[in-house]
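In my numbering, the protein residues as written are 185 to 435.
Note that the Cβ used here is the ideal one computed from N, Cα and C, for glycine as well.
The structure appears below as structure tokens.
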Amino acid sequence: MTDRRSLLRAGTLAMAAVATSVGASPAYAASESPASQRRMTTGAGGAAGPADTPAQALARLRAGNDNWVGDRVTRPDASLARRSEVASRQEPFAVVFSCIDSRVPPELVFDQGLGDLMVVRTAAHTHDGLVTGSLEYGPTELDAKLLVVLGHQRCGAVTAAVKSFRDGERLPGHLADIVRDLRAPYEEACRLGLPDERLVEATIRAQTRQTVIRLRADRVLRPLIAAGKLDVVGAYYSLDTGSVTFSTPER
Ligand SMILES: [Zn+2]
């Protein structure tokens, strides 16, 4: 890992040297400042600010979501200067693992911009080895401080999976793979003894909870968490209000 990171950084420096030789813009030069300054953004309002620790990263996402809920979005880091700043290197402060649902775009609901978030999206944030590799990338290679697993209200994928389990009907193609991955949270929700109309929401929350637990135990992520360099938290997005509620399952 260390060797790969050294190579990555060496490559970045080589690219920087080339960019400088052809005349870098002032915005580009600013990207060579210390990390604590690099992660500051120029956007106004609570969505900007340092994100050099897991707690700071979480606070920044909370502030951004407050903007979204209150219809006060600042749309930070969307300028031409920002585009130039991140053209040669990226330092996203958080990874968001969320559903493909068109109504839950992480950059919007957290009021963040270009280069701020690394986003991985699958149906109902189901995952396998390939997806987990993508989730490991930000914290291990780019020092992202926070990994948020974001479930959401009335998730269509979970609704379809629950219907499939109840009716015994197999979904076509690889949709069946998604359903299969949701069986464990479905069974956890069933054990709660809830009425049918609450089963989908309970499965959504169980899926987020189980995903967080699995990622916290991940062989690559666990040491970063133990060292205080990373936190993995669950979250739930309300389609009705736009609010994100964060949670951390028992450690
Ligand atoms: Zn969904």
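Have a look at the DSSP bridge pairing and note the partners of residue i.
{"i": "Thr-429", "result": "Tyr-420"}
{"i": "Asp-415", "result": "Leu-330"}
Express the C-alpha separation of residue j and residue i in angstroms, rounding to a whole number.
{"i": "Pro-369", "j": "Leu-264", "result": "43 Å"}
{"i": "Gly-227", "j": "Leu-376", "result": "At Gly-227 the pLDDT is 43, less than 50, meaning the model places this residue with poor confidence; the figure from the coordinates comes in the next sentence. If you take the alpha carbons of Gly-227 and Leu-376, they lie about 44 Å apart."}
{"i": "Pro-379", "j": "Ser-268", "result": "53 Å"}
{"i": "Leu-366", "j": "Val-315", "result": "15 Å"}
{"i": "Asn-249", "j": "Gly-299", "result": "17 Å"}
{"i": "Ala-390", "j": "Val-257", "result": "30 Å"}
{"i": "Tyr-421", "j": "Gly-317", "result": "24 Å"}
{"i": "Ala-439", "j": "Asp-236", "result": "Since the first and last residues shown for the chain are 185 and 435, residue 439 lies out of range."}
{"i": "Phe-281", "j": "Arg-338", "result": "17 Å"}
{"i": "Gly-233", "j": "Asp-255", "result": "19 Å"}
{"i": "Ala-419", "j": "Glu-353", "result": "30 Å"}
{"i": "Thr-395", "j": "Val-428", "result": "17 Å"}
{"i": "Gly-426", "j": "Ala-271", "result": "31 Å"}
{"i": "Ala-241", "j": "Asp-351", "result": "42 Å"}
{"i": "Gly-322", "j": "Asp-415", "result": "12 Å"}
{"i": "Val-404", "j": "Asp-424", "result": "36 Å"}
{"i": "Arg-393", "j": "Val-333", "result": "9 Å"}
{"i": "Thr-432", "j": "Pro-407", "result": "18 Å"}
{"i": "Gly-412", "j": "Ala-239", "result": "10 Å"}
{"i": "Glu-371", "j": "Cys-283", "result": "20 Å"}
{"i": "Val-342", "j": "Glu-291", "result": "23 Å"}
{"i": "Phe-430", "j": "Leu-245", "result": "10 Å"}
{"i": "Val-293", "j": "Pro-260", "result": "13 Å"}
Could you give the C-beta distance for residue i and residue j, rounded to a whole number, given that I count them as a contact under 8 Å?
{"i": "Gly-335", "j": "Ile-388", "result": "5 Å"}
{"i": "Ala-373", "j": "Ala-386", "result": "4 Å"}
{"i": "Ala-328", "j": "Phe-277", "result": "6 Å"}
{"i": "Leu-399", "j": "Leu-355", "result": "Their Cβ separation, rounded to whole angstroms, is 25 Å, which puts Leu-399 and Leu-355 out of contact at 8 Å."}
{"i": "Trp-252", "j": "Asp-295", "result": "5 Å"}
{"i": "Ala-450", "j": "Gly-297", "result": "As displayed, the chain neither begins before 185 nor continues past 435, which places residue 450 out of reach and without an answer."}
{"i": "Val-346", "j": "Leu-383", "result": "6 Å"}
{"i": "Ile-362", "j": "Ala-308", "result": "7 Å"}
- Message: Give the list of continuous alpha helix (DSSP H) stretches no shorter than 4 residues that lie fully inside the stretch 292–354.
- Response: 313–325 and 340–351
- Message: Beta-carbon distances below 6 Å to any heavy atom of ligand 1 define the shell here; list its residues in chain order, please.
- Response: Qualifying residues come out as Cys-283, Asp-285, Ala-308, His-336, Cys-339, Gly-340 and Ala-341.
- Item | alpha helix (DSSP H) segments (min. 4 residues) lying fully within the stretch 230–296 | Listed in chain order, the complete alpha helix (DSSP H) runs (minimum 4 residues) inside the stretch 230–296 are 238–253, 264–269 and 290–293.
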